[in-house]
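Trainee: Would you mind keeping the following structure in view while I ask a few things?
There are 2 protein chains.
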Amino acid sequence: MIYVMELPQTVEWAVHCCWLLAQTDGSPVPRRRLAEFFDLPEPYLAKLLKTLVAADVLSSVPGVNGGYRLARRADQITVLDVVQAVGGHTAMFHCAEIRQRGPVGLTPAQCRRPCGIAKVMYEAELAWRNALAAVRVADLTENAAGVSADRAARWLGSQARAGLAPGGSGPQRVESEQA
Amino acid sequence: MIYVMELPQTVEWAVHCCWLLAQTDGSPVPRRRLAEFFDLPEPYLAKLLKTLVAADVLSSVPGVNGGYRLARRADQITVLDVVQAVGGHTAMFHCAEIRQRGPVGLTPAQCRRPCGIAKVMYEAELAWRNALAAVRVADLTENAAGVSADRAARWLGSQARAGLAPGGSGPQRVESEQA
Chain B
715 MIYVMELPQT VEWAVHCCWL LAQTDGSPVP RRRLAEFFDL PEPYLAKLLK TLVAADVLSS
775 VPGVNGGYRL ARRADQITVL DVVQAVGGHT AMFHCAEIRQ RGPVGLTPAQ CRRPCGIAKV
835 MYEAELAWRN ALAAVRVADL TENAAGVSAD RAARWLGSQA RAGLAPGGSG PQRVESEQA
Chain C
715 MIYVMELPQT VEWAVHCCWL LAQTDGSPVP RRRLAEFFDL PEPYLAKLLK TLVAADVLSS
775 VPGVNGGYRL ARRADQITVL DVVQAVGGHT AMFHCAEIRQ RGPVGLTPAQ CRRPCGIAKV
835 MYEAELAWRN ALAAVRVADL TENAAGVSAD RAARWLGSQA RAGLAPGGSG PQRVESEQA
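Chains as they are written, first to last, in my numbering: chain B, 715 to 893; chain C, 715 to 893.
And the structure:
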């Protein structure tokens, strides 16, 4: 009877991958490199990346220099976009209209408005979605901003966004923010 | 890969049962009567009711006149209490600290604070919980207040809360609110 509502572990992978791709200069990152960065099993990651492409969160670039990049600017993709791509768009709560069942059930005519109980559940779910929609991939950090950017830049090398590369002189200097 | 995060159907049953029990005068309602009211399979409902008793949402009264009633006043039980009793207390999102993995992973010392990505997920979940915690079982209706109360009173008969019974003269008169 105990049932735990959990998001799949791949939500964590998906959001972290999007964060990493937001640190690039826009050139595609090969799947193998993404898998290595987070030490993820590449076959599973491959399925996840396809799902994110299908949901228009990522785009894939074919060819020897191909890979994955964000489908839009990092400030135009919300965490909700990523979570819904992986977790589906279906509602958490499904009203089966049990208020219409039984010997004294309400009539369909009495049920033109959503059940008050379902409404409470839907509103809570909306609060969850709104909170995720308020955060953009561009806003994400894994740690303090400097530490996160440095970690990405070390891996991405010349693919890193200008100003994020180690020793870069952009507004998000790495060394000074690492303290 | 597509995974849909859904609450179990029994959440709907549980909240509706609590709503019905909030309409009583406090005397226990037999399990069979609860199952009949919502046309629910009694063996499944039995397991659910036990879960709700274990979570201190309901209390069970043994004996021939026994049954189930709310463990506390209906304004002292929140919808979150009911949902958590059925759906578990575990978080929706589980951070596996993948920021610490891979060749340039963050060090444990750099991860004393929660991952910024996990934090976004936790805050969204908190918004969901807070929305459910803001609604008490006493606040619930399945329809307009009068229609809901009338439906319960018709089933509960003399067990119905004073003022809710058909023809009652309490503040929640049935007939006048049914329009």
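Note that the Cβ used here is the ideal one computed from N, Cα and C, for glycine as well.
So is Thr855(B) in contact with chain C if we call contact Cβ pairs under 7 angstroms?
Mentor: Translated into positions along the first sequence, residue 855(B) becomes position 141. Yes, because at least one Cβ of chain C sits closer than 7 angstroms to the Cβ of Thr855(B).
Trainee: Check this for me: beta carbons of Gly830(C) and Asp753(B), under 7 angstroms apart or not?
Mentor: Locating residue 830(C) in the second sequence gives position 116, where the first residue counts as 1. Locating residue 753(B) in the first sequence gives position 39, where the first residue counts as 1. No, these two residues do not count as a Cβ contact at 7 angstroms.
Trainee: Who does Val963(B) pair with in a DSSP beta bridge?
Mentor: In the structure displayed, chain B extends from 715 to 893; residue 963(B) sits before or after that span and is not available.
Trainee: Decide if Ser862(C) is buried, meaning its Cβ has at least 16 other Cβ atoms within 10 Å, or exposed.
Mentor: By 1-based counting over the second sequence, the position of residue 862(C) is 148. Buried is the call here.
Trainee: Determine the burial state of Val796(B): buried for a count of at least 16 other Cβ atoms within 10 Å of its Cβ, exposed for fewer.
Mentor: Numbered from 1 along the first sequence, position 82 holds the residue referred to as residue 796(B). By the neighbour-count rule (16 or more Cβ atoms within 10 Å), Val796(B) is buried.
Trainee: Can you find a CB in chain B that lies within less than 7 angstroms of the CB of Gly816(C)?
Mentor: Numbered from its first residue, the second sequence carries residue 816(C) at position 102. By this cut-off, Gly816(C) is an interface position.
Trainee: Using three-state DSSP, classify Gly781(C) as helix, strand or coil.
Mentor: The count along the second sequence starts at 1 and reaches residue 781(C) at position 67. The answer is strand: DSSP assigns Gly781(C) an E or B state.
Trainee: Could you check whether the Cβ of Ala799(B) sits closer than 7 angstroms to any Cβ belonging to chain C?
Mentor: By 1-based counting over the first sequence, the position of residue 799(B) is 85. Ala799(B) does not count as touching chain C.
Trainee: For Ala736(B) and Ala852(B), what's the separation of their Cα atoms in angstroms?
Mentor: In the first sequence, residue 736(B) corresponds to position 22, counting from 1. In the first sequence, residue 852(B) corresponds to position 138, counting from 1. So the alpha carbons of these two residues sit roughly 6 angstroms apart.
Trainee: Given a cut-off of 7 angstroms on the beta-carbon distance, is the pair Gln873(B) and Ser773(B) in contact?
Mentor: Taking the first sequence and counting its residues from 1, one reaches residue 873(B) at position 159. Taking the first sequence and counting its residues from 1, one reaches residue 773(B) at position 59. Against a cut-off of 7 angstroms, the Cβ pair of Ser773(B) and Gln873(B) comes out as no contact.
Trainee: Just the chain B side, please: which residues come within less than 7 angstroms of Asp753(C) by C-beta, in chain order?
Mentor: Translated into the one-based positions of the second sequence, residue 753(C) becomes position 39. Within 7 angstroms Cβ-Cβ: Arg815 and Gly816.
Trainee: Cα-Cα, which of Leu820(B), Pro828(B), Glu837(B) and Arg868(B) is closest to Ala867(C)?
Mentor: To locate residue 867(C), count along the second sequence from 1; it is residue 153. Residue Leu820(B) is the option with its Cα nearest to Ala867(C).
Trainee: With a Cβ-Cβ cutoff of 7 angstroms, do Ala785(B) and Asp770(B) count as a contact?
Mentor: Residue numbering aside, residue 785(B) sits at position 71 when the first sequence is read from its first letter. Residue numbering aside, residue 770(B) sits at position 56 when the first sequence is read from its first letter. Between Ala785(B) and Asp770(B), the CB-CB gap stays under 7 angstroms.
Trainee: If the cut is a Cβ gap below 9 angstroms, which residues of chain C does Val861(B) touch?
Mentor: As a working mapping, residue 861(B) is identified with position 147 in the first sequence. What Val861(B) touches in chain C: Leu820 and Gln824.
Trainee: Closest Cβ-Cβ distance between Ile831(C) and chain B: below 7 angstroms?
Mentor: Mapped onto the second sequence, residue 831(C) falls at position 117. Answer yes: the Cβ-Cβ gap between Ile831(C) and chain B drops below 7 angstroms somewhere.
Trainee: Going by DSSP, what residue range makes up the alpha helix (DSSP H) through Val818(C)?
Mentor: Here the question's residue 818(C) lines up with position 104 in the second sequence. Per DSSP, Val818(C) belongs to no alpha helix (DSSP H) and is neither H nor E.
Trainee: Compute the Euclidean distance between the alpha carbons of Met806(C) and Val729(C), then round it to the nearest angstrom.
Mentor: Your numbering for residue 806(C) matches position 92 in the second sequence. Your numbering for residue 729(C) matches position 15 in the second sequence. If you take the alpha carbons of Met806(C) and Val729(C), they lie about 20 angstroms apart.
Trainee: Pull the bridge partners of Leu772(B) from the DSSP assignment, please.
Mentor: Counting from one through the first sequence, the residue named residue 772(B) turns up at place 58. DSSP output for Leu772(B) lists Leu784(B) as bridge partner(s).
Trainee: Mind checking Asn857(B): buried by the 16 CB within 10 Å criterion, or exposed?
Mentor: As a first step, residue 857(B) is located in the first sequence; it is residue number 143 there, counting from the start. A residue is called buried when at least 16 other Cβ atoms come within 10 angstroms of its Cβ; Asn857(B) meets this threshold and is buried.
Trainee: So, for Glu756(B): in the same chain, excluding its five sequence neighbours on each side, which residues have a beta-carbon less than 8 angstroms away from its beta-carbon?
Mentor: For the purposes of this step, residue 756(B) is taken as the residue at position 42 of the first sequence. So the qualifying residues of the chain are Arg745, Arg746 and Ala749.
Trainee: For Ala810(B), would you say it is in contact with chain C, using Cβ-to-Cβ distances shorter than 7 angstroms as the test?
Mentor: To locate residue 810(B), count along the first sequence from 1; it is residue 96. Chain C contact via Cβ: present.
Trainee: In its own chain, which residues sit with a C-beta less than 7 angstroms from the C-beta of Arg843(B), not counting the 5 before and 5 after it?
Mentor: As a first step, residue 843(B) is located in the first sequence; it is residue number 129 there, counting from the start. Leu794, listed in sequence order.
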